[in-house]
Amino acid sequence: MSKNYKDNQPITAEKLMDEFRRYQKGSVSRRHFLGVTGLGTAMAVMGGAMPSLMPKSSHAGNLSNKMVLSTWPNYHNPKTLEAFTSSTGVHIQANVFGSNEEMLAKMQAGGGGVGVIENTNYTFTTYVKLDLLQEMDLSRIPNYDAGTQNAKFAEASTVNGKVYGVCKNWGTTGFVVNSNKVKSNPKSHKDFFDVTMGAGSGHTILHDYQVTTIGAALCALGYSFNSIDPNELAKAEKLLIEAKPHLFAMTSDYQPGMRSGDAWMTLAWVGDGKQLNSDMPEMKYVVASDGGELWSDFYSIPKNTPSLDTSYAFINYMMDPKNQVLDAEGHGYPTSDSRVSALQPASVSTDPILYPPKDLFDGLEFTAAVVLTDPNRAEVMARFKSA
Amino acid sequence: MATMTGRFNKGRWLTGALLAPTSAWFLFMLIMPMVVVAVFSFGERSLEGGYVASFTFDQYANLPTRLTAFKNTMIYAPLGTLASLLIAYPLAYYLAVKVTPKWKLLLLVLVIVPFWTSLLIRTYAWIFILGGKGIPSLLALVGIEGVRLINTPFAVVVGIIYGYLPLMVFPIYVSLEKLDKRLLEAASDLGSTPFRSFMQITLPLSMPGMVTGCMVVFILLMGEFLIPAFLGGGKVFFIGNALVDLFLQSRNWPFGSAVAITLVAIMLVTVSLYMRFAMGGKAERDVSVM
Numbered sequence: 159m160s161k162n163y164k165d166n167q168p169i170t171a172e173k174l175m176d177e178f179r180r181y182q183k184g185s186v187s188r189r190h191f192l193g194v195t196g197l198g199t200a201m202a203v204m205g206g207a208m209p210s211l212m213p214k215s216s217h218a219g220n221l222s223n224k225m226v227l228s229t230w231p232n233y234h235n236p237k238t239l240e241a242f243t244s245s246t247g248v249h250i251q252a253n254v255f256g257s258n259e260e261m262l263a264k265m266q267a268g269g270g271g272v273g274v275i276e277n278t279n280y281t282f283t284t285y286v287k288l289d290l291l292q293e294m295d296l297s298r299i300p301n302y303d304a305g306t307q308n309a310k311f312a313e314a315s316t317v318n319g320k321v322y323g324v325c326k327n328w329g330t331t332g333f334v335v336n337s338n339k340v341k342s343n344p345k346s347h348k349d350f351f352d353v354t355m356g357a358g359s360g361h362t363i364l365h366d367y368q369v370t371t372i373g374a375a376l377c378a379l380g381y382s383f384n385s386i387d388p389n390e391l392a393k394a395e396k397l398l399i400e401a402k403p404h405l406f407a408m409t410s411d412y413q414p415g416m417r418s419g420d421a422w423m424t425l426a427w428v429g430d431g432k433q434l435n436s437d438m439p440e441m442k443y444v445v446a447s448d449g450g451e452l453w454s455d456f457y458s459i460p461k462n463t464p465s466l467d468t469s470y471a472f473i474n475y476m477m478d479p480k481n482q483v484l485d486a487e488g489h490g491y492p493t494s495d496s497r498v499s500a501l502q503p504a505s506v507s508t509d510p511i512l513y514p515p516k517d518l519f520d521g522l523e524f525t526a527a528v529v530l531t532d533p534n535r536a537e538v539m540a541r542f543k544s545a
Numbered sequence: 446m447a448t449m450t451g452r453f454n455k456g457r458w459l460t461g462a463l464l465a466p467t468s469a470w471f472l473f474m475l476i477m478p479m480v481v482v483a484v485f486s487f488g489e490r491s492l493e494g495g496y497v498a499s500f501t502f503d504q505y506a507n508l509p510t511r512l513t514a515f516k517n518t519m520i521y522a523p524l525g526t527l528a529s530l531l532i533a534y535p536l537a538y539y540l541a542v543k544v545t546p547k548w549k550l551l552l553l554v555l556v557i558v559p560f561w562t563s564l565l566i567r568t569y570a571w572i573f574i575l576g577g578k579g580i581p582s583l584l585a586l587v588g589i590e591g592v593r594l595i596n597t598p599f600a601v602v603v604g605i606i607y608g609y610l611p612l613m614v615f616p617i618y619v620s621l622e623k624l625d626k627r628l629l630e631a632a633s634d635l636g637s638t639p640f641r642s643f644m645q646i647t648l649p650l651s652m653p654g655m656v657t658g659c660m661v662v663f664i665l666l667m668g669e670f671l672i673p674a675f676l677g678g679g680k681v682f683f684i685g686n687a688l689v690d691l692f693l694q695s696r697n698w699p700f701g702s703a704v705a706i707t708l709v710a711i712m713l714v715t716v717s718l719y720m721r722f723a724m725g726g727k728a729e730r731d732v733s734v735m
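Chains as they are written, first to last, in this note's numbering: chain A, 159 to 545; chain B, 446 to 735.
Shown next, in the form of structure tokens:
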């Protein structure tokens, strides 16, 4: 091809104006005009380049062009979501929440327009009681194989014999300690609080989240993570209020404080622990020896989803093992699907941070549904925060 | 007489029609939601969170548990307002009186442009400036070790001043802009010192702008929750934070409503007292707000 643009045009400027005059006068048809001048091809190419202009095969399946996803911080690999968009034309708008309470509050207040939510195991009975979720039709999710799921993690979404969600990943809750600054090697929640009120005073973070913060205090005192016993809660509240002046912060956004060196220790979820450890090897993720939380997160569909087809399409896409592997590269949480661990490199599927040793693992408890709804626990947290 | 009455009625009808959109807006967007909140405040929390119709004073009886939050807000809101005023006034004075018209527009734009950025992002920036790798590390270079700036009341006040400064500057600027320079000339001709001119002419004439700025900043500060959450690390607890908790975490709508009503009541009382004190007798003669 010649370098001068005038040589490579499908038609010269003079000829184009001639054709245009002929078209105006009605001597030639519009189809002839568009074909001869190359404008028809140009339009087709432009239409194909614009995502919403060219009808895609997905639209034959009634998919909308946008879906709202209620999710958690750093919970997806952006590449996975982009790949979904380019293969189906559906744009994902991710709404990030800080806690299950917040997500539930928004749904309860009538937050419509959400296509898929990623809620945690202990919320299912509450959601079902409030009639906020669709019962899942597993035949519409062919990529999901209940047989390869670890039942321990996947069973929470079955309420009264009906399935309301499919498992995305699971995780543990422990704490992260900067081993350069804290030399005493804390191993339990009791150690955690001892360091908080001792050598680490002024440098510890507790979550702005009653499940983990009150749970940590309860474990430190030797009680169950899930306790709603008023006496035990009162003792936990006392411990928390005692520790409060020694805290650096009460926030669930603990990574900035840890990374800047202001905070030396924080309660943490395993994914953040993995991210911190990968970037800064002195950050050690510890599963506490006196108990902790085990949880699994699920994809669920709200009752008032704007498009059921789009919701199922997204969940089906995310259940494909290949896509789960790609997603896990971004978020780092352990999977409950054995097909996925088979595809992951050994460094991931046997990572001690993601899959803790049996003795620590057995000490962990799934959070109970009653923890979400118990007004006492919520009040203890609120009083601790305003103390 | 008949024509006068006819004209009078038509005028009233016209006034009514012009006021109708605003009244409707007030009714649906302000009065009715307040009524709903007030009704909720006498109810009870349902087991899964939310509202259950009832009539009880329990929620109001429970208010003392949030006393710290009320105290914090009533201390830091006026403090933040006063600090903003002390910093904003010289800035507004400089912009209105001392700057040449050539530079005035540019400097005004420089004051307002950060305001276009989201408050969230501007506050987040302060987390890094006041955090371990920010100012304290600079101080450590000079030899002052171990300074903790973030997650303290100081950080919250800094965040407040930075966030609300443009809101305080502009009413004062407008007030001072209207100042007739000839008054100052006359005063100096009559033998007044610059300081005396300032105290007896400039300051009283800029009072409406100061009052407006203070009122706007104070009212907004009473509802503030983002700055204490980020820069106070959850350790400085405002009423706004308590409300966010009650609605989104505890999902205790009745108690949250009771706290909200109490906050509105406190603000009504405080602002009325403030207006009466600051405007004094001028309220009858001069209804300008800037």
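Where is the CB? At the ideal position from N, CA and C, for every residue including glycine. Bear in mind that the values here come from a model prediction, so they are computed numbers and not experimental data.
Chain B residues whose Cβ lies nearer than 9 Å to that of residue i
| i | result |
| --- | --- |
| Gln266/A | Glu493, Gly494, Gly495, Arg696 |
Length of the line joining the Cα atoms of residue i and residue j
| i | j | result |
| --- | --- | --- |
| Gly525/B | Phe282/A | 44 Å |
| Ser544/A | Gly685/B | 11 Å |
| Glu276/A | Ala314/A | 13 Å |
| Trp453/A | Ile589/B | 45 Å |
| Thr316/A | Ala570/B | 44 Å |
| Phe573/B | Glu487/A | 28 Å |
| Ala510/B | Ala536/A | Rather than Ala, the amino acid found at residue 510/B in this sequence is Thr. Using only the alpha carbons, I get a separation of about 13 Å. |
| Tyr367/A | Val538/A | 11 Å |
| Ser469/A | Val203/A | 30 Å |
| Phe351/A | Asn338/A | 18 Å |
| Leu555/B | Met655/B | 21 Å |
| Leu501/A | His404/A | 45 Å |
| Phe683/B | Pro649/B | 33 Å |
Below-8 Å beta-carbon distance, residue i vs any chain A residue
| i | result |
| --- | --- |
| Asp690/B | yes |
| Ile589/B | no |
| Phe682/B | yes |
| Ile572/B | yes |
| Thr715/B | no |
| Thr510/B | yes |
Chain B contact residues for residue i, given Cβ-Cβ distances below 7 Å
| i | result |
| --- | --- |
| Ser418/A | Gly576, Gly577, Lys578 |
| Phe406/A | Asn596, Gly678 |
| Thr284/A | Glu493 |
Proximity below 8 Å, CB of residue i to CB of residue j
| i | j | result |
| --- | --- | --- |
| Gly658/B | Ala533/B | yes |
| Gly678/B | Thr409/A | yes |
| Phe406/A | Ile372/A | no |
| Thr568/B | Ile672/B | yes |
| Leu398/A | Met416/A | no |
| Thr647/B | Leu624/B | yes |
| Ile473/A | Tyr457/A | yes |
| Met294/A | Gly247/A | no |
| Pro464/A | Ser222/A | yes |
| Leu518/A | Val445/A | yes |
| Leu610/B | Ile595/B | no |
| Tyr538/B | Leu629/B | no |
| Gly193/A | Ile169/A | no |
9 Å Cβ cut-off: residues of chain A touching residue i
| i | result |
| --- | --- |
| Ala687/B | Ala540, Lys543, Ser544 |
| Arg593/B | Gly360, Phe406, Asp420 |
Sequence-distant residues of the same chain with beta carbon closer than 8 Å to residue i, five excluded per side
| i | result |
| --- | --- |
| Asp485/A | His234, Asn235, Thr238, Met476 |
| Thr284/A | Leu262, Ala527, Leu530, Thr531 |
Closer than 8 Å to chain C by CB, residue i
| i | result |
| --- | --- |
| Thr513/B | Checking the listed chains, one finds no chain C in this structure; the protein chains it contains are A and B. |
Proximal chain A residues relative to residue i, where beta-carbon distance stays under 7 Å
| i | result |
| --- | --- |
| Leu693/B | Glu259, Glu260, Ala263 |
Beta-carbon neighbours of residue i, restricted to chain B and to distances below 8 Å
| i | result |
| --- | --- |
| Gln368/A | Gln694 |
| Thr409/A | Ala674, Gly678, Gly679 |
| Pro414/A | Ile572, Phe573, Gly576 |
Sequence-distant residues of its chain with Cβ nearer than 7 Å to residue i (five each side left out)
| i | result |
| --- | --- |
| Ala522/B | Phe663, Leu666, Met667 |
| Met175/A | none |
Any non-hydrogen atom of the ligand MG closer than 7 Å to residue i Cβ
| i | result |
| --- | --- |
| Pro673/B | Annotation note on the ligand MG: not contained in the displayed structure, which lists no ligands. |
Neighbour list for residue i in chain A, Cβ cutoff strictly below 8 Å
| i | result |
| --- | --- |
| Arg490/B | Pro533 |
8 Å Cβ cutoff, residue i in contact with chain B
| i | result |
| --- | --- |
| Leu288/A | yes |
| Glu537/A | yes |
| Pro388/A | no |
Close beta carbons around residue i, own chain, < 6 Å, minus the five adjacent residues each side
| i | result |
| --- | --- |
| Thr460/B | none |
| Ser215/A | With a pLDDT of only 46 at Ser215/A, under the threshold of 50, the placement of this residue in the model should not be trusted; the figure read from the coordinates follows. Excluding sequence neighbours, Ser215/A sits near nothing in its chain. |
| His347/A | Ala374, Cys377, Ala378, Ala446, Asp448 |
| Leu693/B | none |
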